[in-house]
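Worksheet: the structure to be examined is printed underneath.
Numbering (the numbering used here), first residue to last: 651 to 929.
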């Protein structure tokens, strides 16, 4: 009897999760179907009409998208901003997190408190001062300038997260590695990084999503030649308003890339969440 109840309970939970997943995926599916419809068909009715007349679907909009120089350039600008930012934040935060967790150096606790204090500094406060500084350095309106800004504001949280995760590694493991003659660099690369892979993967996912979907920083720090996809789509909406045949596939591409990244690292992300809950 208890087994039957447990089976029914698991079935209800699974059914509920399936429903939640379908509801969550509905906007993405609607955007995808809209991206395959012409502007005329879109004006006639909603995307759900494709189920009664599937002949209106085609890949013509994506052909036009590939021929839109503004969209394609903005897409690669987004890649050039998001990928280096994510890599730099993860690498620097991993090194700093290990140092704050296991290395003794003067002012370690004070410096870490300063890093934690930076978490409460809103991005909006630093926009104008940093823009002025970047203008003096010749970085304003460039992709490296946008990357540096995202790295600077992403590091406090990243260091805080990885430091707390690395500090949970058993001290005996590190001491045994040191007794075997392992250097700090070897311990970090061969022991700490593999153990901390779930947390690092989770951080990489969040950082990539934040930067990929950012528009505020890009609006201020990127010029027309270096603006990412979010700014370009917003600009085309303002300029043309009704060019849904380009905007819909562009928006879908902008949305589907983070979804693909998330599902690609889903296993590590779940491991990181479960490890954090246990600790």
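Backbone N, C-alpha and C fix where the C-beta goes; we use that ideal spot for every residue, glycine too.
For this session: Assign residue 872 to one of three DSSP states: helix, strand, or coil.
Result: Locating residue 872 in the chain shown gives position 222, where the first residue counts as 1. In this structure, residue 872 counts as strand in the three-state DSSP scheme.
Problem set entry | Rounded Cβ spacing between residue 859 and residue 808 (contact assumed at less than 8 Å) | Locating residue 859 in the chain shown gives position 209, where the first residue counts as 1. Locating residue 808 in the chain shown gives position 158, where the first residue counts as 1. That belief does not hold up - the Cβ atoms of residue 859 and residue 808 are roughly 13 Å apart, past 8 Å.
For this session: Specify the secondary structure class of residue 791 as computed by DSSP and reduced to three states.
Result: Position 141 of the chain shown, counted from the start, is the residue given in the question as residue 791. Here residue 791 sits in strand by DSSP.
For this session: Examine chain B for any beta-carbon lying closer than 8 Å to the beta-carbon of residue 806, and answer yes or no.
Result: Any reference to chain B falls outside this structure, which holds one protein chain only.
Problem set entry | Nearest candidate by alpha-carbon position, reference residue 700, set 687, 712, 711 | The sequence position of residue 700 within the chain shown is 50, counting from 1. If we check each option's Cα against that of residue 700, 687 comes out closest.
Problem set entry | residue 837 classed as buried or exposed, judged by whether at least 16 other C-beta atoms fall within 10 angstroms | As a working mapping, residue 837 is identified with position 187 in the chain shown. Answer is buried; the Cβ neighbour count reaches 16.
Exercise. If you check the beta carbons only, do residue 913 and residue 799 fall under 8 Å apart?
Worked result: Taking the first residue of the chain shown as position 1, residue 913 is located at position 263. Taking the first residue of the chain shown as position 1, residue 799 is located at position 149. No.
Exercise. Mind pulling the alpha helix (DSSP H) runs of 4 or more residues that sit fully within the region 710-786?
Worked result: 710-716, 719-752, 758-767
Problem set entry | Option in 737, 684, 873 with minimal Cα separation from residue 781 | As a working note, residue 781 is residue 131 in the chain shown. The candidate whose alpha carbon is nearest that of residue 781 is 873.
For this session: Return the chain-ordered list of same chain residues with a C-beta closer than 6 Å to the C-beta of residue 903, the five sequence neighbours on each side being excluded.
Result: Here the question's residue 903 lines up with position 253 in the chain shown. Contacts found: none.
Exercise. Just how far apart, CA to CA, sit residue 663 and residue 867?
Worked result: What you label residue 663 is simply residue 13 of the chain shown in a count that begins at 1. What you label residue 867 is simply residue 217 of the chain shown in a count that begins at 1. Taking the straight line from one Cα to the other gives about 41 Å.
Exercise. Can you tell me where the alpha helix (DSSP H) with residue 861 in it begins and where it stops?
Worked result: The sequence position of residue 861 within the chain shown is 211, counting from 1. That run of the alpha helix (DSSP H) goes 847-862.
Exercise. According to the Cβ coordinates, are residue 862 and residue 907 closer than 8 Å?
Worked result: Here residue 862 refers to the residue found at position 212 when the chain shown is read from its first residue. Here residue 907 refers to the residue found at position 257 when the chain shown is read from its first residue. Taking 8 Å as the Cβ cut-off, residue 862 and residue 907 qualify as a contacting pair.
Exercise. Which one of 831, 811, 719 has the shortest CA to CA distance from residue 769?
Worked result: Walking along the chain shown from the start, residue 769 turns up at place 119. Of the candidates 831, 811, 719, the one whose C-alpha sits nearest the C-alpha of residue 769 is 811.
Exercise. Can you tell me the Cα-Cα spacing of residue 670 and residue 676, whole angstroms?
Worked result: Sequence index remark: in the chain shown, residue 670 carries index 20 (1-based). Sequence index remark: in the chain shown, residue 676 carries index 26 (1-based). Taking the straight line from one Cα to the other gives about 10 Å.
Exercise. Between residue 915 and residue 682, what straight-line distance do the alpha-carbon atoms span, to the nearest angstrom?
Worked result: The residue labelled residue 915 in the question sits at position 265 within the chain shown. The residue labelled residue 682 in the question sits at position 32 within the chain shown. Approximately 23 Å between the Cα atoms of the pair.
Exercise. Would DSSP call residue 688 helix, strand or coil?
Worked result: Taking the first residue of the chain shown as position 1, residue 688 is located at position 38. In the structure shown, residue 688 sits in coil (DSSP, three-state: anything other than H, G, I, E or B).
Exercise. In whole angstroms, what separates the C-alpha of residue 844 from that of residue 788?
Worked result: Working through the chain shown from its first residue, we reach residue 844 at position 194. Working through the chain shown from its first residue, we reach residue 788 at position 138. Roughly 39 Å separates the two Cα atoms.
Problem set entry | C-beta contact flag for residue 894 and residue 722 at 8 Å | Reading the chain shown from its first residue, position 244 is the one you call residue 894. Reading the chain shown from its first residue, position 72 is the one you call residue 722. The answer is no: Cβ separation not under 8 Å.
For this session: Can you say whether residue 878 is buried or exposed, counting buried as having 16 or more other CB atoms within 10 angstroms of its CB?
Result: One-based indexing of the chain shown puts residue 878 at position 228. So residue 878 ends up on the buried side.
Exercise. Going by C-alpha distance, which of 847, 856, 737 is nearest residue 909?
Worked result: Translated into the one-based positions of the chain shown, residue 909 becomes position 259. Of 847, 856, 737, the residue nearest in Cα terms is 856.
Exercise. DSSP state of residue 661, grouped into three classes?
Worked result: The residue given as residue 661 occupies position 11 in the chain shown. Residue state, collapsed to three classes: helix.
For this session: Pick out whichever of 828, 899, 753 has its Cα sitting closest to the Cα of residue 713.
Result: Stepping through the chain shown from its first residue, residue 713 is reached at position 63. Nearest C-alpha to residue 713: 899.
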